[in-house]
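What follows is a short report on a single structure.
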Amino acid sequence: MHMQKLRCRSSSSLPKRRCEDLATNHVALRLLKVVEAQEKANKEKAEQQWCSDCNSISSMDCQQNKHKTLNYPDAFNEHSLQLSSKIHEQHSTWVKVLENWNKIQSVNQLVLSCAAWLQSEFSHRNASNNSLIAQIIESLNSSEEFPVQMEKNMVKT
Numbered sequence: 001m002h003m004q005k006l007r008c009r010s011s012s013s014l015p016k017r018r019c020e021d022l023a024t025n026h027v028a029l030r031l032l033k034v035v036e037a038q039e040k041a042n043k044e045k046a047e048q049q050w051c052s053d054c055n056s057i058s059s060m061d062c063q064q065n066k067h068k069t070l071n072y073p074d075a076f077n078e079h080s081l082q083l084s085s086k087i088h089e090q091h092s093t094w095v096k097v098l099e100n101w102n103k104i105q106s107v108n109q110l111v112l113s114c115a116a117w118l119q120s121e122f123s124h125r126n127a128s129n130n131s132l133i134a135q136i137i138e139s140l141n142s143s144e145e146f147p148v149q150m151e152k153n154m155v156k157t
């Protein structure tokens with residue numbers, strides 16, 4: 001750029017300031033063209049149609065077959081709403097699953113505590129029955145001529 005300024009000044013009858021203004025204007029015009037090209041591309045993209053049936057850019061076949069077409073922002077918004085709805089639905093389902101799982105865990109805890117209580121009751125009653133049987137055997141032994149022996153495992157008898 002610096003060389004261009006020197007050439008412009010040396011080969012032209014224009015004043016130095018005017019030559020610099022022309023170079024600045026050239027850069028500004030180039031930037032303006034780049035910005036305009038970007039805006040045009042963005043506008044074309046926004047105007048381009050999206051076929052909801054084919055899930056792709058709308059073609060002549062889509063128009064002939066009267067597929068549902070939308071511009072990109074509308075198609076994007078529609079898909080976003082559908083995804084949000086599905087995500088919300090999945091979230092709700094998982095919340096229900098977790099609630100049911102917690103209920104099942106609660107019932108399991110109740111069943112386990114009841115089983116522990118029953119085991120305790122059986123052990124207590126077994127000890128009480130063993131004591132009662134021992135008393136009965138002792139009473140029989142003292143009243144009868146032949147001794148009665150207590151089984152080691154009363155369940156088998």
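Residue numbers are given in the working numbering: position 113 of the sequence shown equals residue 113, and the series is strictly consecutive.
C-beta atoms are modelled at their ideal positions from N, C-alpha and C, and glycine is treated no differently.
Hey, how far is the Cα of serine 80 from the Cα of valine 34? 31 Å
According to DSSP, what are the bridge partners of asparagine 71? Gln49
What are the start and end residues of the alpha helix (DSSP H) that includes cysteine 54? Here cysteine 54 belongs to no alpha helix (DSSP H), and DSSP marks it neither H nor E.
Contacts around histidine 67, its chain only, beta-carbon distance under 6 Å, and the 5 residues preceding and following it disregarded: Cys51 and Asp53
Cβ-Cβ separation, glutamine 64 to serine 58 (assumed contact under 8 Å), whole Å: About 11 Å; that fails the 8 Å criterion.
Buried versus exposed call for threonine 24 [16 or more other C-beta atoms within 10 Å across all chains shown]: exposed
Using DSSP with H/G/I as helix, E/B as strand and the rest coil, what is methionine 1? Caution applies to methionine 1, whose pLDDT of 48 falls short of 50 and renders its modelled position unreliable; the value that the coordinates give is listed next. It is coil, neither helix nor strand.
Any idea if leucine 6 is buried or exposed, counting beta-carbon neighbours within 10 angstroms, 16 or more meaning buried? Residue confidence is low: leucine 6 scores 47 on pLDDT, short of 50, so the model does not pin down where it sits. No coordinate-derived value is stated.
Coarse secondary structure for asparagine 43, derived from DSSP in three states: Note that residue 43 is lysine in the sequence shown here, rather than asparagine. Note: lysine 43 maps to helix in three-state DSSP.
Can you tell me whether DSSP reads asparagine 65 as helix, strand or coil? coil
Where alanine 187 falls, given that 16 or more other Cβ within 10 Å makes a residue buried: Residue 187 lies beyond the residue range present for the chain, which begins at 1 and ends at 157; the question has no answer from this structure.
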